[in-house]
Amino acid sequence: MRRTSLAILLTITTLGILAPPLAGSNPGSAAMPSSVQTSKSAFDFDFVAIDGKPLPLSDYAGKAVLVVNTASMCGYTPQYTDLQSLWDRYRDRGLVVLGVPSNDFGGQEPGSAEQIKDFCEVNFSVDFPMTDKQVVTGPKAHPFYRWAGAELGAAAAPRWNFHKYLVAPDGRLANWFPTATSPASDQVIKAVEAVLPK
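Taken in order, the sequence shown gives residues -30 to -1, 1 to 168; the numbers are from mature numbering (1 follows the signal peptide of the UniProt record, and there is no 0).
Okay, here's the thing in structure tokens:
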């Protein structure tokens, strides 16, 4: 009887130790769907622009595109200034900066498309292209973001606002930069210059 009780106690203890990892030890990362086709190009995906018009990424084929998930109420929101400067500096050489507003992180983009557009124009004089509000993480993410996650792996997925993907003129993902990497940093500038169309 004592042996049986000890065996049951050991089994329960072992299950208690193993259960948390089995239940999902990393709740912030969602597995990408296995149906994502990594043979695609970034230019195979479409967004809707912030003004409600279609925004196919194929419009930018042959150009470098910096895709940034943005938010209006984030500590990193001042990066809009550097994104606009980057756009001003390189757009004539074939760079597109594309802002993708998202409310995924901290609920920091709660406004409507019109409110977001007005905020960006009034506070940062933003005139680079922007999409309507999107989900950028997890299984409900926009197909571009699911594809990017499948291409580059979970480590390169957005973990906060102002995560950046750099798309080369041929549609492949050339690089990515985490939130804290400024668009004005040498790292971003060098990467952009390396993929600008020749």
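Cβ atoms here follow ideal geometry from the backbone N, Cα and C, with glycine treated the same way.
For residue j and residue i, the rounded distance between their alpha carbons
{"i": "residue 26", "j": "residue 127", "result": "22 Å"}
{"i": "residue 154", "j": "residue 52", "result": "6 Å"}
{"i": "residue 13", "j": "residue 31", "result": "6 Å"}
{"i": "residue 158", "j": "residue 93", "result": "23 Å"}
{"i": "residue 50", "j": "residue 97", "result": "10 Å"}
{"i": "residue 149", "j": "residue 45", "result": "10 Å"}
{"i": "residue 106", "j": "residue 43", "result": "17 Å"}
{"i": "residue 59", "j": "residue 65", "result": "9 Å"}
{"i": "residue 168", "j": "residue 55", "result": "21 Å"}
{"i": "residue 156", "j": "residue 103", "result": "29 Å"}
{"i": "residue 62", "j": "residue 77", "result": "35 Å"}
Residue burial classification, residue i (beta-carbon count within 10 angstroms, cutoff 16)
{"i": "residue 142", "result": "exposed"}
{"i": "residue 131", "result": "buried"}
{"i": "residue 95", "result": "exposed"}
{"i": "residue 21", "result": "exposed"}
{"i": "residue 85", "result": "exposed"}
{"i": "residue 160", "result": "exposed"}
Distance between beta carbons of residue j and residue i, contact taken as under 8 Å
{"i": "residue 15", "j": "residue 101", "result": "Not quite, the Cβ-Cβ distance comes to about 11 Å (not below 8 Å), so this is no contact."}
{"i": "residue 10", "j": "residue 117", "result": "6 Å"}
{"i": "residue 139", "j": "residue 165", "result": "7 Å"}
Report yes or no: do three or more beta-carbon pairs, one from the region 105 to 124 and one from the region 77 to 84, lie closer than 8 Å? no
Could you tell me whether the region 59 to 70 touches the region 32 to 41, using the rule of 3 or more Cβ pairs below 8 Å? yes
Would you list, in sequence order, the uninterrupted beta strand (DSSP E) runs of no fewer than 3 residues that lie entirely inside the region 56 to 106? 65 to 71
Every unbroken beta strand (DSSP E) within the region 124 to 158, with a cutoff of 3 residues, ordered by chain: 134 to 137 and 143 to 147
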